[in-house]
RNA sequence: CGGGAUGUAGCGCAGCCUGGUAGCGCGUACGGUUCGGGACCGUAAGGUCGGAGGUUCAAAUCCUCUCAUCCCGACCA
């Protein structure tokens, strides 16, 4: 491709509304443009990269035995009502009516549609195992889209669905996808980690997320420094063996009311009463679809809503508003406590050994000290309800853990029979018995993978694309477009490389050298060939690697072979 | 949805407080000089100042409403 023919609008300055580096660089490198919040157009360069990633995905999916299909983006409400998700999916599901007043939604995911297909077409045990995938745009009406392609509302996703006869087969399918995902992200040049994850509203028995480690990631990841335990913060278990108990050996004191005018937060209370956060109990009031619940955690801990949801077995959980708190506790937020509360109370395990606790008094400007469970209040259930902290220990081996940030580029779920039951997807086994199909589902955010790759591969001059996903493999910069020798050397090399299948961008603009260098660096093409009249007089071209800056003068004759070898090496190093 | 901020030329911004002819840099077009790390000189095009209403002789500027975008939080695969 010739630069003068390519629609590649690069920007010198960083657009004001781009915060993270991948978003800034994708805009500056002319890969994407925003249409409206969370919705982007892919320009030629961006689309090429997307297609490269898609190609890798397709190759690895096919290798893993999956077959490509393409499902509709518009989906009828009936299917969602059947699965029960029309009501529980929430506002993220963009709903609308057609001219007849029938309800539809834009597909945020395709479990319903694929299960519908399978229940109609798959009848016999002979038809499985089966794995179908598609690469298609999803729409999720995010509360807060951000960071460019990292969290868009409309985005390209690869979603795969496996169908097996039984648990054993489903485990194999899951493993096959797990392996395929590892290969895919490796080939995309990503440094990533597989972590245990919460299943959220997709549901199912367990799941893993494939996380790219990056400071700009939206998720926190807990991992062990010794064993290979790693989990999303939402999912990470607290090791109960390491809950401090010895600090709570003081004899029980009588409960007392203390006046704490305008003292609400943990910090304020501990300071005002000269106690440590470990003596304090935070009482959080949550609303669920059925009843409100009070959740107790120690002052230095944070509630993990995902765990609360799972313990209560509810789909929706919301922190109660100011009004509800006032109604239920009789006090404004900041003074809630367990004593005298009439709603269900559950507590984190770390609360269990506590004695002489400090908590809100359910009365404005009042806290209680010397509160003890049993005499002053009761808890209906203890469970792991809080977020892991860096002072917790690994739930598997008890060793030190660390907390990092990550970008979720892939997520695999073992669904079991959740959808096949809801939608009656059954088959006849060898004995003629009707059984539910066992499912799994597997997603990859394509655009997010590109964004993550840029987060991990850039420098101050721009993007450094790994060869397998680079929009072009080679960029040729003839520095003097008025010099016919330079131009013809560039044209010759360009044609040689193209004819041997390389993807080449020829910067044929009549621009100064600096401009061409800057744009080549910004766009991040792995191999740069500079053709200048001085070195050309010696019969030499300059070949430079974007990633390392390594520069080599090579003779003009045979330069094409050498460059083709470099491309091969750079592709292979990722496989 | 709660908190914060911003909307002025394609991009980055100034002007607004204290109302009075809409500006700067980059980019774009044309001419010239230059030519291996975002050159220089000259000329030119390009703006309903996000939108609506109000105050005023006069509004980018003051007031009210509204829309959009971004950030933090909550929420989320």
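Numbering (the working numbering), first residue to last: 375 to 949.
For glycine and all other residues, C-beta sits at the position ideal for the given N, C-alpha and C.
Please determine, among 610, 666, 703 and 730, the residue with the shortest C-alpha to C-alpha distance to residue 650. 730
Kindly indicate which residue of 497, 483 and 825 has the alpha-carbon position closest to the one of residue 357. For residue 357 there is no data in the structure shown, the boundaries of the chain being 375 and 949.
Given residue 876, which residues of its chain have a CB within under 8 Å of its CB, disregarding the five upstream and five downstream residues? 847, 848, 937, 938 and 941
If you pair each beta-carbon of the region 879-896 with each one of the region 828-838, do three or more pairs fall below 8 Å? yes
Taking the beta strand (DSSP E) that residue 919 belongs to, which residues open and close that run? 914-919
Would you list the one or two residues that DSSP bridges to residue 400? None; residue 400 has no bridge partner.
Straight-line Cα distance separating residue 455 from residue 477: 11 Å
What residues match up with residue 523 in a beta bridge as DSSP calls it? As computed with DSSP, residue 523 is found in no beta bridge at all.
Starting from the C-beta of residue 800, find all residues in its chain whose C-beta is less than 8 Å away, skip the five residues before and the five after it, and write them out in chain order. 493, 794, 808, 809, 810 and 811
Residues bridged to residue 790 by DSSP? Per DSSP, 813.
For residue 774, which residues in the same chain have their Cβ closer than 6 Å to its Cβ, ignoring the five residues on either side in sequence? Excluding positions up to five away in sequence, the list reads 599.
Secondary structure of residue 730, DSSP reduced to three states: coil
Could you please give the first and the last residue of the uninterrupted beta strand (DSSP E) stretch that includes residue 450? 448-450
Using the three-state DSSP reduction, which class does residue 671 fall into: helix, strand or coil? strand
Separation of residue 916 from residue 862, as counted between CA atoms: 16 Å
Starting from residue 742, follow its DSSP beta bridges and name the residues at the other end. For residue 742, which the question treats as bridged, DSSP gives the partners 631 and 733.
For residue 904 and residue 519, what's the separation of their Cα atoms in angstroms? Straight-line Cα distance between these residues: approximately 41 Å.
Do the CB positions of residue 845 and residue 419 come within less than 7 Å of each other? yes
Near residue 397, what residues of its chain come up, given a Cβ to Cβ distance below 6 Å and the 5 sequence neighbours on each side ignored? So the list reads 521 and 522, once near-sequence residues are dropped.
Could you tell me the distance, in whole angstroms, from the CA atom of residue 569 to the CA atom of residue 913? 53 Å
Going by DSSP, which residues form a beta bridge with residue 335? Missing from the structure shown is residue 335; the chain here goes from 375 to 949 and no further.
So, are the CB atoms of residue 604 and residue 567 less than 7 Å apart? yes
Rounded to the nearest angstrom, what separates residue 634 and residue 688 at their Cα positions? 35 Å
Is it right to say residue 448 is buried, meaning 16 or more other beta carbons lie within 10 angstroms of its own, or is it exposed? exposed
Top-ranked residue by Cα proximity to residue 480, from 516, 505, 499 and 610: Here the closest residue by C-alpha is 516.
Member of 821, 670 and 692 whose CA lies at the smallest distance from the CA of residue 759: 670
Anyone know if the C-beta pair for residue 653 and residue 732 falls short of 7 Å? yes
Taking the continuous alpha helix (DSSP H) assigned at residue 551, which residues delimit it? 541-561
Within its chain, find whatever has a CB closer than 8 Å to the CB of residue 696; leave out the 5 residues flanking it on each side and keep chain order. 706 and 707
Here's the rule: buried if 16 or more other CB atoms are within 10 angstroms of the residue's CB, otherwise exposed. What is residue 720? buried
For residue 778, the three-state DSSP class (helix, strand or coil): Correct three-state label for residue 778: strand.
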